[in-house]
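Line by line, the protein sequences are chains V and S. For the first sequence, counting from 1, position 252 maps to 635 in the working numbering; every step adds exactly one. For the second sequence, counting from 1, position 5 maps to 30 in the working numbering; every step adds exactly one. For every residue, glycine included, the Cβ atom is placed at its ideal position computed from N, Cα and C.
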Amino acid sequence: MVHVDSKNALPKLKISGLGKRYGEVVALEPTELTVNAGEFVTLLGPSGSGKTTLLQMISGLTEPTTGTLHVDGRDETATPVHRRDMGLVFQHYALFPHMTVGENIAFPLKMRGAPTNEVRERVRETLAKVQLEQYGDRFPRELSGGQQQRVALARCFVYRPQIVLMDEPLGALDKNLREHMQFEIKRLHREFGTTVIYVTHDQEEALVLSDRICLMNHARVEQIGTPREIYSRPKSIFSARFIGLSNLFIGKVSDAGDGRIVVANSNGSFEARQENCGPLVNGKAGLVLRPEQLRPGPAGAGENDITGTVTEIIYVGSDTRLVLTLQDGETVSVRHDPATTLPALGDSLTYHWPIDVAVVVS
Amino acid sequence: MTAAGLSASPRTFRLRANALWLAAPAIAFLVVFFLIPVGRLLFLSIQGDTGSLTAEHYDRLLHTEVYWRILIITFRIAGLTAFFSLLLGYPLAYWLSQLKEQRRNQMLLLVLVPFWTSYLVKAFAWMLLLGNQGVLNRLLGGAGITDSPLPLMYNEFGVIVGMVHAMMPLAVLTMMPVMSGIDTRLSQAAGTLGANGAHRFWMVYFPLSIPGMAAGGLLTFITSLGFFIVPAFLGGRQQTMLAQLIIIQVQELVNWAFAGVLATMLLVSALIACWIYNHLFGLASLSAGSSTADKTSSAWTRRFGFALLEKLAWITSAVTGRFSQGGRGKILPGYVALIVFFLVAPTLMVIPIAFTSSDFLEFPPPGYSTRWFSLYFNSPIWISATVRSFGVAFATAIAATAIGGLAALAIARSRSRFGGVVFAFMLAPMIVPRIVIAVGLFYLFAQMGLVATNLGLVIGHTVLSIPFTFVAIAAVLKGYDWRLDQAAASLGAGRFQVLRLITVPLIRGGVISAFLFAFVTSFDELTIAIFVSGGLKSTLPKQMWDDMILQLNPTLAAVSVVVLVIVTAILLVADRLRR
C-alpha cells in the first residue's frame with residue numbers, strides 16, 4: 384500500500400462532482416473520489432450501481448454531465464479518450480482478432496510513434512512478464528480464456544499508463560482461473576507501481592485485491608474505505624449485507640446511558656456501544672453481527688445472547704455453518720466450532736457475543 | 026429427445042436422423058431443371074454437327090477478334106461496377122451498421138426498395154435522365170452551363186452509372202451484416218490505447234470489414250458478368266456484353282453451339298471468381314461474417330497490408346486534423362444523403378412523368394393527366410401481361426417456398442456430412458449467371474414443348490427463387506430453438522400440436538417473407554421470360570422490354586409506376602412480418 388507522505392503532494396486522480404444523466408435516468412449521482420498514486424481502488428457494487436459508468440467517464444469513453452476530473456492536478460475532463468494516459472482492460476478483453484498477440488501488444492506503442500526496435504523489445508519483455516513468450520505470433524482466438532486475459536493485461540501495461548482501469552476483467556473466467564489471475568494482477572500492479580481502478584461486483588475479489596474499496600449502490604457511493612474498515616465498520620445496512628456474511632437485527636433504538644444503546648425487537652433487546660452506532664433515521668436501525676463474532680454458550684457480563692433451533696447445517700469445506708431459527712422465525716448464521724461435536728437438526732443452541740463487536744447501522 | 030421417447034418411436038427417430046430426405050424434392054427439381062439443362066448447354070459447345078466431340082467452336086472464339094473484345098469489355102464493366110459499388114456503398118453500409126437495430130431496419134428500406142426495384146424500371150429512369158433530350162442535359166442547357174447536350178448515354182459512362190445504380194444495393198446489403206457484426210468495443214479499446222479516429226478506422230475497423238467487402242465484390246462482379254439490360258439500353262455498340270451476345274446467338278442466329286461456348290466462358294469466369302474468393306476468404310464467411318483470411322494469406326502480405334493501413338491512418342489524421350470537430354461530424358450524413366438520393370431519386374422521377382399530359386417524356390411535365398394510366402388499363406396486351414405475371418409469380422412463390430422450405434428444414438435437422446453439399450447446391454442457381462440458366466432451359470423446353478407456356482415460366486422462375494426461399498427459411502430455422510419443441514412435447518403436446526402451436530407460429534414470419542421474396546423475384550424476372558414467354562404469352566417485364574426496344578413512351582412510365590407500387594407494397598408487408 385502506498386500512501387502520500389507529504390501533505391501538499393497532489394492525488395493521482397481527483398474526481399469532483401462527476402455525474403451522468405441520460406435524460407431523466409440518473410446513471411451516476413455527482414460523485415467525489417480521490418485516488419493516490421500507486422493505489423489499488425475497487426469500485427464494487429451490484430449491476431446498475433453506476434460503477435461502470437464512473438469507470439467509463441474516467442477513461443473518457445463516456446462524457447460526464449457534471450463535474451470535473453483532475454489527473455496530477457491537471458483538468459482532464461474534456462481530454463478525448465486517445466489522449467488520456469490511461470489503460471482500460473475490457474470485460475471481454477477486446478483483443479483485435481485480425482492481429483497477432485504481438486501486434487496487439489505493439490498497437491499502443493505504435494500509436495505513440497515508438498521506434499520499431501523499441502516496440503519489438505518492449506513487446507518481447509512484456510510477453511515474458513505475462514509468461515506468453517511463445518505466443519507472440521498466434522492469433523487471439525488460438526489462445527485459452529486465461530491466456531487471452533493475460534494478453535489484454537500485457538497490452539495495457541506495455542505502454543506504462545499512469546492509471547490502469549479494469550472493467551470486470553475476470554468476469555468470463557471460471558473460479559480457479561479467476562483466483563490465479565487475481566494473483567497475477569496483484570503482481571503486475573506491484574511490479575509496475577501503477578495506479579489501478581478496478582470494477583467488480585464480486586465482493587470476495589474486491590477484498591482480496593484492493594487497497595481501498597469504493598462501495599456503490601443506486602448510482603451513488605455508499606462507503607469508501609479499506610476492506611477491513613468496510614467489513615468491520617459498515618456504514619449502512621447495504622454495506623453490511625453486500626460485503627461478507629452478516630446477521631442483522633432490525634429494531635427500535637433507545638439510549639441505555641453509560642455510552643450504550645439498545646436495539647430491541649421481538650427476539651429481545653441487544654446492547655451495543657454508542658461509538659459503534661452510525662447516524663440513524665427514525666430511531667430504527669439494524670444491529671450487524673458477523674457469524675464468526677458469535678460464540679457458543681450463554682451470555683456473561685457485558686455480553687448479549689440469542690437462542691434458536693438448528694434448521695440448516697451447511698458444509699462449505701473450510702467451515703461448517705449453522706442456521707438458527709429464532710422464536711419469531713428470523714434466522715441467524717453462526718460458525719460451528721470444529722472442536723465440538725456437530726449438533727443435529729432441531730437442537731436448541733445458545734450463542735453469545737461481547738457488546739463491543741456489534742455495529743449499529745441504518 | 027428422451028431415451029423413453031426413442032424406444033417408443035424408433036420410426037420417427039430414423040426419420041429425423043435422415044432428415045436430409047426432406048431435401049429430395051428440391052434436389053430432384055434442381056437436377057432436372059437446372060443441372061441437366063446447364064450441363065447440356067455446356068456440352069453443346071463441344072459437339073460437332075455429327076454429334077462427335079470437337080473444339081471447332083472454341084477455335085472460332087479464339088480466332089475472332091470481336092469476341093475477345095466483348096469478353097474483355099464484359100470483364101472491364103463487371104470489374105468497374107464491383108469497384109464503384111463497393112467504394113460508393115461502403116460509407117452507406119458503415120452508416121447503417123452504426124445505427125441502433127430498430128432504426129437500422131427502418132433505414133434499410135432505403136436500400137431494399139432500390140434493390141428490388143425492377144432493373145427495367147431503373148434502366149428506363151436512367152434513359153430519361155441521361156438522354157440527349159434527357160432531364161440532366163435539359164437542366165444543364167437551361168442553366169446555360171452547356172451549349173450542346175453532353176453525351177451521357179450510349180457510352181461507357183452511361184453503362185457504369187446504370188450498373189452501379191443497379192448493383193450498389195446488393196453490395197451494401199452484403200457488407201452491412203459483416204460491419205454490424207464488428208464489436209464496437211474493439212474501436213473503444215483502440216481509443217483507450219491511444220488511437221485517434223483515423224487510426225481506429227484504418228487499423229481496426231477497416232481490416233475487420235474486409236470479408237464483407239470481398240463478399241460484396243464477389244456478388245456484384247458475378248451478377249454484373251451476366252447482365253444485359255443496362256448495357257442494352259444505356260450502352261452503345263462498344264459496350265456490348267457477353268450476355269447480349271448470347272441472346273443474339275440464340276434468338277437471331279440460332280447458333281446453339283456458339284451460345285454454349287459463350288455460356289461456358291461466362292460460367293467459368295463466375296466460377297473462377299468464386300474460387301479466388303474462396304481461396305482468400307473461404308465461402309463460409311459469406312454467411313458467417315468472420316474472417317479466416319489470416320490463416321491463408323501469408324505473413325508477408327499481412328505485414329505489408331498493415332504497414333499500408335498505418336500509412337493511410339497517419340495521412341488521414343493529418344488531413345482531417347484541419348477540419349473542425351463539428352465539420353467532420355457532418356461529412357458522413359451528408360454523403361449518405363447524397364448516395365440515398367442517387368439510389369432513390371431516379372426511380373421516383375418516373376412517377377411525375379407517368380402523370381404527364383404531354384405525348385413526350387418531359388420533365389417536369391407541362392401538365393398532369395391520368396391518360397397514360399387509362400391507356401394501360403384499357404390495353405388488353407398490358408393487362409393480360411400483368412395478369413400473367415401475377416399468376417406466374419403466385420405459383421412460383423408457392424412452389425419455391427415449399428421446395429426451398431423443405432430443403433431448409435432438411436439442412437437444419439440433419440447432421441449428415443452431405444449437408445454442406447446440399448447447401449451449396451441450393452445456392453448454385455444464384456452463382457450461375459441467369460442468362461446461362463435461361464438459355465439452357467429454353468433448349469430443354471423447346472424439346473418438351475414448354476416454350477411460351479405458363480408452366481415453363483413457373484418452372485424457370487422457381488429455379489431462380491429457390492436460393493432466396495432456402496436462405497430466408499434456413500435463417501429463421503437457424504435461430505430457432507429446437508428445445509422449445511422438446512419442451513412442448515414434455516408438457517404433453519403431440520407431434521401435430523407441437524407443429525401447429527409452437528414451430529409454425531415461431532417461423533411463420535420467415536416463411537411468409539420467403540414467399541414474398543420469391544413472388545417479387547418472379548414478378549420482376551426478365552431473362553427467362555425473354556426466351557420462354559413471347560407473343561401473346563408475354564409477362565409484364567417481357568412486354569416492357571419489347572416496348573423499350575421499340576420506343577420510349579409515357580405508357581412505360583405508367584407501367585413502371587404500377588410495378589414500383591406493387592413491389593414496394595410487397596416489400597413493406599415482408600418487412601412488417603419479419604419483425
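Looking at chain V, is there any beta carbon in it that lies within less than 7 Å of the beta carbon of residue i?
i: S/Q213; result: yes
i: S/G206; result: no
i: S/P232; result: yes
i: S/V229; result: yes
i: S/I218; result: According to the sequence as given, residue 218 of chain S is Leu; it is not Ile. With 7 Å as the cut-off, S/L218 counts as an interface residue toward chain V.
i: S/N221; result: yes
i: S/R210; result: yes
So with Cβ pairs under 7 Å, would you call residue i a contact of chain S?
i: V/A684; result: no
i: V/P681; result: no
i: V/V464; result: yes
i: V/L426; result: no
i: V/P491; result: yes
i: V/M494; result: yes
i: V/L444; result: yes
i: V/F566; result: no
i: V/K512; result: no
i: V/H481; result: yes
Have a look at residue i and residue j and give me their C-alpha separation to the nearest angstrom.
i: S/L11; j: S/F108; result: Chain S is shown from 26 up to 604; residue 11 of chain S falls before or after that span and cannot be answered.
i: V/E459; j: V/R467; result: 8 Å
i: S/F467; j: S/L67; result: 14 Å
i: S/S173; j: S/L386; result: 19 Å
i: V/V409; j: V/R643; result: 40 Å
i: V/E422; j: V/L510; result: 24 Å
i: S/T550; j: S/T209; result: According to the sequence provided, residue 550 of chain S is Glu. The question's Thr does not apply to it. Straight-line Cα distance between these residues: approximately 40 Å.
i: S/F548; j: S/S383; result: 29 Å
i: V/V645; j: V/A655; result: 6 Å
With DSSP collapsed to three states, give me the class of residue i.
i: S/R413; result: helix
i: S/W397; result: helix
i: S/F231; result: helix
i: S/K336; result: helix
i: S/L311; result: With a pLDDT of 44 at S/L311, under the threshold of 50, the predicted position of this residue should be treated as unreliable, though the coordinate-derived value follows. Note: S/L311 maps to helix in three-state DSSP.
i: V/P737; result: strand
i: S/K320; result: Note on S/K320: pLDDT 48, under 50, position unreliable in the model; the coordinate value appears next. DSSP places S/K320 in helix when its eight states are reduced to three.
i: V/N630; result: strand
i: V/I546; result: strand
i: V/P498; result: coil
i: S/F252; result: coil
i: S/F329; result: helix
i: V/A535; result: helix
i: S/E126; result: helix
i: V/V464; result: helix
i: V/T724; result: coil
Should residue i go down as buried or exposed, given a rule of 16 or more other Cβ atoms within 10 Å for buried?
i: V/H779; result: With chain V represented from 384 up to 745, any question about residue 779 of chain V goes unanswered, as that position is not in the structure.
i: S/M204; result: buried
i: V/G406; result: exposed
i: S/I102; result: buried
i: V/Y734; result: buried
i: S/Q576; result: exposed
i: V/K618; result: buried
i: V/P463; result: exposed
i: V/N419; result: buried
Between residue i and the rest of its own chain, which residues show a CB-CB distance below 6 Å, the 5 nearest in sequence each way excluded?
i: V/P447; result: L401, K403 and M440
i: S/F666; result: There is simply no residue 666 of chain S to check, as chain S begins at 26 and stops at 604 in what is shown.
Which same chain residues, not among the five before or five after residue i, have their C-beta less than 8 Å away from its C-beta?
i: V/V472; result: A535, L536, C539, V547, L548, M549, D550 and P552
i: V/I607; result: L416, R595, I596, C597 and L598
i: S/P62; result: I462, G465, L466, Y468 and L469
Below 7 Å CB to CB, which residues in the same chain sit around residue i once its five sequence neighbours on both sides are set aside?
i: S/R225; result: S212, A215 and G216
i: V/T583; result: T425, L427, E551 and A589
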